[in-house]
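Visitor: Submitted below is the structure of interest, expressed as structure tokens.
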Amino acid sequence: MNLKLLRGRKWNYTAIAFAIPFAAFLMLLICVGATPFGSKSLLYSDCFHQYFPFFKEYRSALLSGQSLLYSWNVGMGMDYLGLISYYLASPLNLFSVFIPESWLLPYFTLLTPVKLGLASMFFAIFIKKLYGKNDFSIALFGSFYGLCAWALGYQWNVMWLDTFALLPLVALGTVSLLRDKKFILYTVTLALSLLINYYIGFFTCIFVLLIFICYQICRCKSVKRFFLDFVRIGIFTVIAIGLTAILTLPTLAALGTTYSSNNSFPSDFALNIVNYEKVAPAAEAWNAFKIASEAGEPAIGLWFTAVWKSFGPVLDGMGQVAGNLSGGSSTNFIAAEGLPNVFSGVTILFLSFLFLMARNIKMRDKLCSIGILLFLFASFVIRQLDYIWHGFHFTNMIPYRFSFIVSFVLIFMAYRAYLVRFRFKISHILIALLLTIEIFCLSKHASAIPDALGSLGTVLQNLGTAIAAGISGDAATQQAAAATLQSYYSAYGNTYVFFLYNLVFTLLVVGILVYPRCHRTLKPSTPMAKCKEVVLVRANRRRVSSALLSAVMVVELVMMTVSFGFSFAYTDITGYPQGTGYSESMIKYMKERDPSLFYRVETTHAQTLNDGALNGYNGISTFTSSANVKVTDYLCDLGFAAQNNWNRYCYEESSPVANLFLNLKYMIERSGQVEENPYFTDVHHYGSVHLLENNAYLPLGFLAESELGTLELRKGSSHAFENQNMLFSASTGIPNSVWNVTPESWLTMTGNNVTITGQHSMGYCAYNASASGGNVIFRYEVQEEGLFCMDVNMYARNSFHVYLNNNYLYTESVVLPQTFSVSYVKPGDVVEIHALCAANENSSMNIRAAILDDDVFQTGYKLLNISTLNLTEFSTTKVAGNINCNRDGMLYTSIPDNGNWKVYVDGVEAEQTLICGAMVGVEMTKGNHQVVFVYENKAFQIGCIISVMSLLVFLGLIYLSDREAWNGRFKTIQNRFKKSGKKSSKKKSKK
């Protein structure tokens, strides 16, 4: 379908393909009041904690011109290339340097509609080049790709969208390479896909393999051609990967320091989606086969039994996935237990079934399309395939991240059916209708449809009652009817939406496709004039049908966007970052007040898990897939909220002992309430934001006892006070404990609307909450003076309030076990922790408290503060300083080890010691020394060489191919001249 000429010019349909998703999403932002049009935002989940803080820090790094090899602002310091490769490599991020800082969040938000528009446009280019069409249809089908359920559901993972958008161009390049032997598009787009986001790029590589296999099945003419194609695609795939080595090699090296490197291939039979009861028989059969195989017994029969028993649950899971192809289902934004986001439109689903019945489409094409879909569906269900797809590890939330490939294949199938839509018989349309209804029946909402339709009469009756009562002014009757309607909506609201959505769009598509076929059948005896009339009617009906189908598709695109808009959980950014202008002013003041080369800063209570990156200071906390597992374990052992498989560690106002070993100089309090703490001084404030200076500060490096190099901490956060005692003693040589756990006699535990079912005087409590909820109260009657800290572990992730002498101090929520600083206390003080329990909650919690021995702490601090590293030079990749060692010992630094740091003492490379498995240390002798730490990323150096070599090879092949092309053209022109010369000589001879 072509749109009418605009001022005598043709429409640019690829531009329209970009405009439809872009405009739809932009209108959605306007309607919901999202930034830059309101106070809401798309900063959902990790986007709030990671993506925007990293984006902001990346812009700062670009503007400062500093090296991008390492960053001190993310966590305690980490390899920056690994972080860039996953989160920040989009070319659109480079334009952030031209954006004022106050407009960074609006710009970041607008990247989403831009990338969705690019995905639509690239898909339009794909089908335009593949089938030679240039009309409104390419814009429509491109828009269905740009607004598919995966794109809308996972749009908050903004760093994935670039490679998602490039997939159609990679597919086009693959076909061009295999069909036309043109390699530039394939090599460039595949390299960009991997360079921009290696994770989604890995999915693209697997899909390229599937395209290659299908192309050979459908188009290969000989064995020789197969091997030539295999060699050709292999060469240019290697070149494309080589071009990305400058970033991917350092990334692979960095991933070796993360928790994901500890994953192993699943050996047991397990399935996603399917209930365990259905999987259990197959799992037992596979276990029997495994035992027999390991014992060396014949197991072929057991293998067949296991395979046979696996078919049922696997097909059950694939059926549930197929049911999610229907419309009106809720989009999965993050839930690990949710279904894959595979919905691409009811129109797309219906046309995909018609594709299978198209007579002029080869059977091999149909079988390959079905084969890819079945393989993808099986990959969602079978854990081993899911493990491979996700880069050989299992995901933390956000499941089935490769499901956008299903939408790509379905839309491709649907477009091929659309091209031959007038060749289908009514019987084909009816079969497609039955298959579509079957998909609807597989949905999780289908089972509730009979009950929902059965209650429809009651719903309509109450609706009428509510309207009548509203007119008559009977408020009581109106409220009762409204309450009944609300209860039915809660029970069947999603079912009604599901039923109506699919029913309306399916009937519209069926009616539109049947309409052109409702005409008289021509017979041999039909007069010519009548034939012309019937032909004109047919043509007119087809034009009307095309226009109506386009209109329905536009409406469905709008409905898909609106459905997302209603279901997405937007984030209020009124206080983001916390403290707003006051925090910004305070950080600026801090840097002007203390221009030291390096020190670390943290907030008393974190807002995000990357406050350092968000606010522009060298922090401690981080949450990133690039998190160094050694640092995570180290901080977990010291009592911080850290968990290695979550790739995070978080600092909360904690222990003066731990602060010694983290180079923490300042804390920022943003609530306006500063607890009494003699180890910090309130040096300045703006509004509610206070700057607290650490009175027991130690720099990045200091001299400790040599025994520190052999110290092994007890694993786990439950040993926080013991581990801090061990670390302090090993560093200072003081045998006395710096932390003294409070005696049992101090603590009493009581329940408020909570039944305590078990308790221990050391702080353990098991409980059952009432139907209305309640709280568990931990009451400490203090009998010693000192800083009071507590080690908290609440399995139900409770929130709790902290009180000192009935005065409220603060509220905190526990996600992971960690230590909290309460306040400086004196004998007679009472500390209370009120842990909030949800209704009918049945769980347990454990709180251990300790008092800091100030005499031991001050003695140890003075010993450690005698010989410290005085920094003379500091950059992202080099740290230099002088130290006057008053004795032989171990130079402890809070520089996280990742294998790339080299240490030079007095110009000679020194052997490093890994302290507590995480931090860089080096043995020192008595006297003055110059110490230099240099960050050398060998993987980056090798990657640069590979990328340069790959680029030279690629440019050389382009030169040779262009030279051959020009030679071919020159020979063609030369031959033409020769032929024209022969003709003229023949004419002369005839004369």
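No gaps in the numbering here: position 285 of the sequence shown is 285 in our numbering, and each next residue is one more.
All residues carry an ideal CB built from backbone N, CA and C; glycine is no exception.
Just so it is clear, the structure is predicted and the values come from calculations on it, not from any experiment.
(1) On a CA-only basis, which of V802, H834, K862, V629 is nearest S731? Give me that one, please.
(2) Given that a residue counts as buried once 16 or more other Cβ atoms are within 10 Å of its Cβ, and exposed if not, what is I1003?
(3) If you count every other CB in all the chains shown that lies within 10 Å of the CB of H760, and 16 or more means buried, which is it?
(4) Please look up how many angstroms separate the CB atoms of S947 and I246, rounded, as I've assumed it's under 8 Å.
(5) When the Cα of T347 is compared with those of V903, Y501, Y70, which residue comes out closest?
(6) Would you tell me roughly how many angstroms separate the C-alpha atoms of R963 and L952, rounded to the nearest one?
(7) For a minimum of 4 consecutive residues, which ranges assigned as the alpha helix (DSSP H) are wholly contained in the stretch 328 to 370?
(8) Helix, strand or coil, according to DSSP, for V420 in the structure here?
(9) Pull the bridge partners of V792 from the DSSP assignment, please.
(10) Please list, in chain order, all residues of the same chain as K991 whose beta carbon is under 7 Å from its beta carbon, the five residues on each side excluded.
(11) Short check: CB of T819 to CB of G619, under 7 Å?
(12) Tell me whether P678 is buried or exposed, calling it buried when 16 or more other Cβ atoms sit within 10 Å of its Cβ.
(13) Going by DSSP, what residue range makes up the alpha helix (DSSP H) through C31?
(14) Return the CA-CA distance between E911 and H929, expressed in angstroms with no decimal places.
(15) My guess is that L161 and K224 are in contact by the Cβ rule of under 8 Å, so how many angstroms apart are they, rounded?
(16) So what's E812 in DSSP terms, helix, strand or just coil?
(17) What first and last residue would you give for the alpha helix (DSSP H) that runs through N231?
(18) Tell me, please, which residues DSSP counts as bridged to I668.
(19) Identify every run of the beta strand (DSSP E) within the stretch 618 to 654, keeping only runs that are complete inside it and at least 3 residues long; order them along the chain.
(20) I think V510 touches I429, with their Cβ atoms under 8 Å apart; what is that distance to the nearest whole Å?
(21) Excluding the 5 residues flanking S572 on each side, which residues of the same chain have their C-beta closer than 7 Å to its C-beta?
(22) Return the CA-CA distance between F289 and G317, expressed in angstroms with no decimal places.
(23) Out of G464, F55, P735, L118, state which residue places its alpha-carbon closest to the alpha-carbon of L94.
(24) Going by DSSP in three states, N610 sits in which element: helix, strand or coil?
(25) Between the stretch 588 to 602 and the stretch 657 to 669, do three or more beta carbon pairs fall short of 8 Å?
(26) Quick check: the Cα distance between F380 and L147, rounded to an integer number of angstroms?
(27) Assign I471 to buried or exposed, taking buried as 16 or more other Cβ atoms, counted over all protein chains shown, within 10 Å of its Cβ.
(28) If I measure Cβ to Cβ from F203 and keep anything under 6 Å in the same chain, skipping five residues before and after, which residues do I get?
(29) Please name the residue in S654, I895, L747 whose C-alpha comes closest to that of P829.
(30) Have a look at V792 and H801 and give me their C-alpha separation to the nearest angstrom.
(31) Could you say if the stretch 163 to 170 and the stretch 442 to 454 meet the contact criterion of at least three C-beta pairs nearer than 8 Å?
(32) Can you tell which of L243, A306, G296, L410 has the C-alpha that lies nearest to the C-alpha of A270?
(33) Would you identify the three-state DSSP class for P595, choosing helix, strand or coil?
(34) For the beta strand (DSSP E) that D682 lies in, which residues bound it at each end?
(35) Is it buried or exposed for R423, if we count other Cβ within 10 angstroms and need 16 for buried?
Guide: Taking the structure as given:
(1) Comparing Cα positions, the closest option is K862.
(2) Since the first residue of the chain shown is 1 and the last is 991, residue 1003 is not available in this structure.
(3) Exposed is the call here.
(4) About 4 Å separates the two Cβ atoms, so the contact holds.
(5) In this structure, Y501 is the residue among V903, Y501, Y70 with its C-alpha nearest to the C-alpha of T347.
(6) If I take the Cα positions, the gap works out to 16 Å.
(7) The qualifying runs are 346 to 355.
(8) In the three-state reduction of the DSSP assignment, V420 falls in the coil class.
(9) Q818, I847.
(10) Residue confidence for K991 is low, a pLDDT of 47 falling below 50, so the modelled location carries little weight and cannot support an answer.
(11) No; because the gap between Cβ atoms is not below 7 Å, this pair is not in contact.
(12) The residue is exposed, with fewer than 16 neighbouring Cβ atoms inside 10 Å.
(13) 13 to 32 is the span of the alpha helix (DSSP H), which, as asked, contains C31.
(14) Within the model, the alpha-carbon separation for E911 versus H929 is close to 15 Å.
(15) Contact doesn't hold; Cβ gap of about 41 Å is too wide.
(16) Under the three-state reduction of DSSP, E812 is assigned to strand.
(17) According to the sequence shown, residue 231 is Val rather than Asn. Note, V231: alpha helix (DSSP H), 223 to 243.
(18) Partner(s): T603, L691.
(19) As summarised for the stretch 618 to 654, the continuous beta strand (DSSP E) elements at least 3 residues long and confined to that stretch are 641 to 643, 648 to 650, given in chain order.
(20) Their Cβ separation, rounded to whole angstroms, is 6 Å, which keeps V510 and I429 in contact under 8 Å.
(21) Per the sequence presented here, residue 572 reads as Asp, with Ser not at that position. Counting only Cβ-Cβ distances below 7 Å, and skipping sequence neighbours, we find S39, K40.
(22) Looking at the two C-alpha atoms, the distance is approximately 23 Å.
(23) Nearest C-alpha to L94 among G464, F55, P735, L118: F55.
(24) DSSP places N610 in coil when its eight states are reduced to three.
(25) Segments in contact, yes.
(26) L147 has its alpha-carbon roughly 21 Å from the corresponding atom of F380.
(27) I471 is classed as exposed because its beta carbon has fewer than 16 other beta carbons within 10 Å across all chains shown.
(28) Contacts found: F402.
(29) Inspection of the sequence shows that residue 829 is occupied by Asp rather than by Pro. Relative to the Cα of D829, the nearest Cα in the group S654, I895, L747 belongs to L747.
(30) A direct Cα-Cα distance of roughly 12 Å separates V792 from H801.
(31) Put simply, the stretch 163 to 170 does not touch the stretch 442 to 454. Fewer than three CB pairs are less than 8 Å apart.
(32) Checked all of L243, A306, G296, L410; the closest Cα to A270 is A306.
(33) In this structure, DSSP gives P595 a state outside helix and strand, which the three-state scheme calls coil.
(34) Segment 680 to 686, the beta strand (DSSP E) holding D682.
(35) By the beta-carbon neighbour count (other beta carbons within 10 angstroms, threshold 16), R423 is exposed.
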